[in-house]
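J.: After the structure tokens below, expect a handful of questions from me.
2 protein chains.
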Amino acid sequence: MTGIDLSENLEDYLETILELEKTQKVARVKDIAEMRGVLRGSVTGALKSLAEKGLINYEPYSFITLTRKGTAVAGEINRRHRVIKNFLTHVLQLDPQIAEDNACRMEHAMDRAAVDRMVAFIDYMETCPRTDASWIQGFARHRQGESDSRPDCKDCMTRSAEEHAQNKK
Amino acid sequence: MTGIDLSENLEDYLETILELEKTQKVARVKDIAEMRGVLRGSVTGALKSLAEKGLINYEPYSFITLTRKGTAVAGEINRRHRVIKNFLTHVLQLDPQIAEDNACRMEHAMDRAAVDRMVAFIDYMETCPRTDASWIQGFARHRQGESDSRPDCKDCMTRSAEEHAQNKK
DNA sequence: TTTATTTGTTTGGTAAACCAAACTTTATTC
DNA sequence: GAATAAAGTTTGGTTTACCAAACAAATAAA
Chain A
386 MTGIDLSENL EDYLETILEL EKTQKVARVK DIAEMRGVLR GSVTGALKSL AEKGLINYEP
446 YSFITLTRKG TAVAGEINRR HRVIKNFLTH VLQLDPQIAE DNACRMEHAM DRAAVDRMVA
506 FIDYMETCPR TDASWIQGFA RHRQGESDSR PDCKDCMTRS AEEHAQNKK
Chain B
386 MTGIDLSENL EDYLETILEL EKTQKVARVK DIAEMRGVLR GSVTGALKSL AEKGLINYEP
446 YSFITLTRKG TAVAGEINRR HRVIKNFLTH VLQLDPQIAE DNACRMEHAM DRAAVDRMVA
506 FIDYMETCPR TDASWIQGFA RHRQGESDSR PDCKDCMTRS AEEHAQNKK
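Note that the protein sequences, when read in sequence, are chains A and B. With the numbering used here applied, the first sequence covers 386 to 554. With the numbering used here applied, the second sequence covers 386 to 554.
Next comes the structure, spelled out in structure tokens:
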């Protein structure tokens, strides 16, 4: 789509720069190095590579900003990250930190088609009355081992239908 | 868990070897090279690395088999792959080929906690009467753009409750 | 405005993956 | 059982990504 294919590493650098642009207005080598957990020397190499690809404005010893193209690509990556993290925390109900760690890696693995479908699924779940808050709650109980008993599973549908009818009035 | 941490590459080699063991009883360098789309020379290096880690039985010019440990690790990776692909095809309803491509990459990105939770979610969906076949069908319609209309959404719950009650008798 | 300090760059070196092509071993075929 | 083919290995070279440490530039402090 954007016509660019980046290594996971360069994608991460781009995302970091976007993050810094948002919070600090401008990205500095030192901050990028800290956020990525590498030495400053390693950053310089990555910046040259990103600049060659036309994704950042970079002159030695100057501030770093994203180009128009760079902003588009970084935004795309960031969108994947947010969608995936949202899925992991709100659907799978993973611990926020674990969700974040997994999203950081998954964002490089999932293509647009998959992420878009994930968005559609979340949307369907959120708008369909069958999968309302109580259904989500049910998953929390289910995964905590209360799956075998399912005490009120039998009447769940009926009760939900009643509640639903009530709200419609 | 298994106490081993492998690069994505070595994980892929291990998975390939498992695959070949299943179909051909034994893995040959040529076949591994073909399946992974690399030259034979590249395979030799990877095999040395896997042998050093005690994951495969490897002597130059001999057949390759997985050790007990290698089988365990490869099985773990393969499980992740199957779970993810299952999710992508049956929940997100992605095209099988697209699901396969994404699963191949995602299997290296998701940790055990995330995959386990995915399993639990699929299980919940499949056992909960609210998210039955018709709900899944609804997603297929929803994602095809018929989301705005939702013609029979209003009565869906009531009808489902009735059907459900019927089946219980 | 000198002198520190911080920040950024460069250089040399390592490790993982890969290729290309020469080479060796094993398997086939005549 | 020798000649040929196929399979596997080695060697030298490339790329990406990193570190460590020397160096240069810019900023801050004296």
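Beta carbons: idealized from backbone N, C-alpha and C, even for Gly.
(1) Below 8 Å on the Cβ atoms is my contact criterion, and I expect THR516 (chain A) with ARG544 (chain B) to pass it. Report the Cβ-Cβ distance as a whole number of Å.
(2) Just the chain B side, please: which residues come within less than 8 Å of SER545 (chain A) by C-beta, in chain order?
(3) Return the CA-CA distance between ARG502 (chain A) and LYS410 (chain A), expressed in angstroms with no decimal places.
(4) Leaving aside the five residues before and after ASN463 (chain A) along the sequence, list all residues of the same chain whose C-beta is less than 7 Å from its C-beta, in chain order.
(5) When the distance is taken between beta carbons, is PHE506 (chain A) closer than 8 Å to VAL476 (chain B)?
(6) Three or more beta-carbon pairs under 8 Å between the stretch 511 to 530 of chain A and the stretch 488 to 498 of chain A, yes or no?
(7) For a cutoff of 8 Å on Cβ pairs, would you count VAL468 (chain A) as touching chain B?
(8) If you measure from the beta carbon of ASP397 (chain A) to each beta carbon in chain B, is any gap under 8 Å?
(9) Between the Cα of VAL504 (chain B) and the Cα atoms of A:ALA488, A:THR452, A:HIS527 and A:LEU451, which residue gives the shortest distance?
(10) Can you tell me where the alpha helix (DSSP H) holding VAL524 (chain A) begins and where it ends?
(11) Is the CB of LEU424 (chain B) under 8 Å away from at least one CB in chain A?
(12) So what does DSSP say about ALA494 (chain A), is it helix, strand or coil?
(13) Near LYS554 (chain B), which residues of its chain fall below 7 Å by C-beta distance, leaving aside the five closest residues on each side in sequence?
(14) For THR450 (chain A), does the three-state DSSP call read helix, strand or coil?
(15) Can you confirm whether TYR443 (chain B), when its beta carbon is compared against all beta carbons of chain A, has any partner nearer than 8 Å?
(16) Just checking: is the beta-carbon of VAL476 (chain B) within a distance shorter than 8 Å of some beta-carbon in chain A?
(17) If we call anything under 8 Å between Cβ atoms a contact, is ARG421 (chain B) one with TYR443 (chain B)?
(18) Taking contact to mean 3 or more Cβ pairs, one atom from each stretch, closer than 8 Å, check whether the stretch 464 to 473 of chain B and the stretch 483 to 491 of chain B are in contact.
(19) Which residues of chain B have a Cβ atom closer than 9 Å to the Cβ of PHE448 (chain A), listed in chain order?
(20) Which stretch, first to last residue, makes up the alpha helix (DSSP H) that contains ARG590 (chain B)?
(21) Please report how far the alpha carbon of LEU473 (chain A) lies from the alpha carbon of ALA499 (chain B), in whole angstroms.
(22) Suppose the cutoff is 7 Å on Cβ atoms and the five residues either side in sequence are ignored; what does the same chain contact list for ILE521 (chain A) look like?
(23) Is the beta carbon of ALA412 (chain A) closer than 8 Å to that of ILE389 (chain A)?
(24) Buried or exposed: where does ALA525 (chain A) fall if 16 or more other Cβ atoms within 10 Å of its Cβ makes it buried?
(25) With burial defined as no fewer than 16 other Cβ atoms inside 10 Å of the residue's Cβ, what is the status of GLY455 (chain A): buried or exposed?
(26) Per DSSP, what kind of secondary structure is ILE441 (chain B) in: helix, strand or coil?
T.: Quick answer:
(1) For THR516 (chain A) against ARG544 (chain B), the beta-carbon gap comes to about 16 Å, at or over 8 Å, which does not count as contact.
(2) Against chain B, a Cβ distance below 8 Å from SER545 (chain A) picks out ARG515, MET542 and ALA546.
(3) Distance between ARG502 (chain A) and LYS410 (chain A), taken at the CA atoms: about 33 Å.
(4) In the same chain as ASN463 (chain A), and ignoring 5 residues on each side of it, the C-beta atoms closer than 7 Å to its own belong to GLU400 and LEU403, in chain order.
(5) In this structure, VAL476 (chain B) places its C-beta atom within 8 Å of the C-beta atom of PHE506 (chain A).
(6) no
(7) no
(8) no
(9) Comparing Cα positions, the closest option is A:HIS527.
(10) Rather than Val, the amino acid found at residue 524 (chain A) in this sequence is Phe. Where PHE524 (chain A) is concerned, the enclosing alpha helix (DSSP H) stretches over 518 to 526.
(11) No, because no Cβ of chain A sits closer than 8 Å to the Cβ of LEU424 (chain B).
(12) coil
(13) For LYS554 (chain B), the pLDDT reaches just 45, beneath the cut-off of 50, and the residue's location in the model is therefore unreliable, leaving the point undetermined.
(14) strand
(15) no
(16) Yes, because at least one Cβ of chain A sits closer than 8 Å to the Cβ of VAL476 (chain B).
(17) no
(18) The stretch 464 to 473 of chain B is in contact with the stretch 483 to 491 of chain B.
(19) Per Cβ cutoff of 9 Å: no residues; PHE448 (chain A) is ~32 Å from chain B at best.
(20) Residue 590 (chain B) is absent from the model: chain B starts at 386 and stops at 554.
(21) 8 Å
(22) none
(23) no
(24) exposed
(25) buried
(26) strand
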